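The opening position of the sequence shown corresponds to residue 1 in UniProt numbering, with each subsequent residue numbered one higher. Note that beta-carbon positions come from the ideal geometry of N, C-alpha and C, so glycine has one too. A quick note: this is a predicted structure, and the numbers were derived from the prediction, not measured. One structure is given here, and the rest of the page talks about it.
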Amino acid sequence: MKRNRWIIIGLVFCLLLTGCGRKKAGEEGAKEISKDAVMMAVGEDNVSAQEAMAYLYLLKQQYEAGMGEEVWSYQLSEDKTLEDYAREAVISNLTQLKIMCQQAAKEGIELDEEESYEAKKAAQQIIKTAGKADRERFRLEEEVLTRIYADNTLAAKLFDVTTGQVDTNITDEEARQITVQYLLVSTGDMDKAQKEVAREQAEKLLKEAKKASSFLNFATTNSDSEEIELTFGREHLPEGFGQEAMELRTGEFSPVIEGEKGYYIVYCIADFDEDATTNRKEVIIEERRDKLFREKYKEWSENYKVVISTALWDELLFTPKNALSKQN
């Protein structure tokens, strides 16, 4: 899997932050904020209001393209709108990026000439496509946007280097995925006697199913479940019959299996779904990489002090109610 080199607004790392001693600072806000005002400090790096607004602009473009400007007033909870949530996401993402970029510098990881060029090119494209009103309101400048894209690229590069040695040796059996079709005779709230009748019905259906030209059609007609076909592995066994199904071979029927919801008849379409197994291997590798990186990031984050000017952040809005001061 090729990981996106630009992870703007935390599309990859938004869940990595597990707490890094953030402190509130600068409780006095202002309706107009200088573009050089320090919104937050992460280790030795500061985030200016101009950089923060550029992130808000990028996130604004993603959301408003499909949902319109009114999306920001959507109430997610009694005291929080989508705008509030998005602003918090930007703060978290910036915290992560600044920690990762400083850590990359410590480890001697840097961008090559081509990566730097691509970051600059991406920034130029943003400037080119942004409307005049947005360029002025968000104080969009090529230098700031170039740094944003460069930071994201460097963070992704740190991720790749950090997780490059993860064990990618995964056996077929570990990742094996199977595809089955099944039929359910539901028992619901039946008493013991009624369940006996249901089991007899299931045994009868099993005999008929083995003679049917298409189990899929047969199950569709006779099952109490709308779901007929499933692909899965040992990591996500379906309730009721999963373990037994994993032992079947292609073309085999299970005996009648009793589960909490009723009696199951399972037919194995493929005891080794090659495409699904390959995909599962990739997922396992990504899970291992993410796990390793989370552990490393937690270690790093303990070494960086994070101070956030919450009052200033409260003044930065997606809707045009505020503006950065044109001073400086």
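In terms of Cβ geometry, T179 and E229 form a close pair [threshold 8 Å]. G188 and H236 have their alpha carbons spaced roughly 24 Å apart. Taken in chain order, the complete alpha helix (DSSP H) segments of 4 or more residues contained in the stretch 224–255 are 242–246. Within the stretch 52–91, the beta strand (DSSP E) runs of at least 3 residues that lie entirely inside it are, in chain order, 75–77. Cβ contact annotation for K60 (same chain, cutoff 6 Å, sequence separation greater than five): F318, in chain order. With fewer than 16 other CB atoms across the displayed protein chains lying within 10 angstroms of its CB, G164 is exposed. Setting aside the 5 residues that flank it on each side, Y85 is surrounded in the same chain by L76, each with a C-beta closer than 8 Å to its C-beta; the list follows chain order.
Annotated three-state conformation of L317 is coil, per DSSP.
Nearest Cα to E141 within the set E44, A49, E295: A49. Contact annotation: Y55 and L94 have beta-carbon atoms nearer than 8 Å. Exclusion of the five residues before and after D271 leaves I178, L248, R249, T250 as the residues of its chain whose Cβ lies within less than 7 Å of its Cβ. Of the residues assessed, D273 falls on the buried side of the cut-off, its CB having 16 or more other CB atoms within 10 angstroms.
The criterion of a C-beta distance shorter than 8 Å is not satisfied by I257 and F232.
Contact fails between the stretch 203–210 and the stretch 282–294, because fewer than three Cβ pairs, one in each stretch, are under 8 Å apart. In this structure L97 is in contact with D151, their Cβ atoms being roughly 5 Å apart against a cut-off of 8 Å.
Taken in chain order, the complete alpha helix (DSSP H) segments of 4 or more residues contained in the stretch 76–162 are 82–106, 113–129, 132–137, 142–162.
Judged by DSSP in its simplified three-state form, A175 adopts helix.
Under the three-state reduction of DSSP output, Q50 falls in the helix class. Each of D36, C268, D224 was checked against the Cα of G262, and the nearest Cα belongs to D224.
Secondary structure of Q201 (DSSP, three-state): helix. Inclusion of A123 and Y149 in the CB contact set at 8 Å is warranted, their separation being smaller than that value.
Residue pairing of E258 in beta bridges, as defined by DSSP: Y263.
Looking at the backbone, the Cα of V47 and that of Y117 are separated by about 23 Å. For V38, the uninterrupted beta strand (DSSP E) run begins and ends at 38–42, by DSSP. A residue is called buried once 16 or more other Cβ atoms fall within 10 Å of its Cβ, and A175 is buried on that count. In its chain, beyond the 5 residues on either side, S48, A49, L312 have a beta carbon closer than 7 Å to the beta carbon of A37. Separation of the CB atoms of Q181 and L216 is rounded to 6 Å, and the pair is thereby assigned contact status at 8 Å.
By the neighbour-count criterion, in which 16 or more other beta carbons inside 10 Å mark a residue as buried, K35 falls on the buried side. The beta-carbon separation of K305 and G43, rounded to 7 Å, stays under the 8 Å limit for a contact. When the Cα atoms are used, G259 and V166 turn out to be separated by approximately 39 Å.
About 5 Å separates the CB atoms of I285 and T168; that is less than 8 Å, so the two are in contact. Taking a C-beta distance under 8 Å as the contact criterion, S254 and I269 do not qualify as a contact pair. Within the DSSP secondary-structure output, Q181 pairs in a beta bridge with E229, Y267.
For the pair W72 and E83, the CB atoms are nearer than the 8 Å cut-off. The three-state secondary structure of D45, taken from DSSP, is strand.
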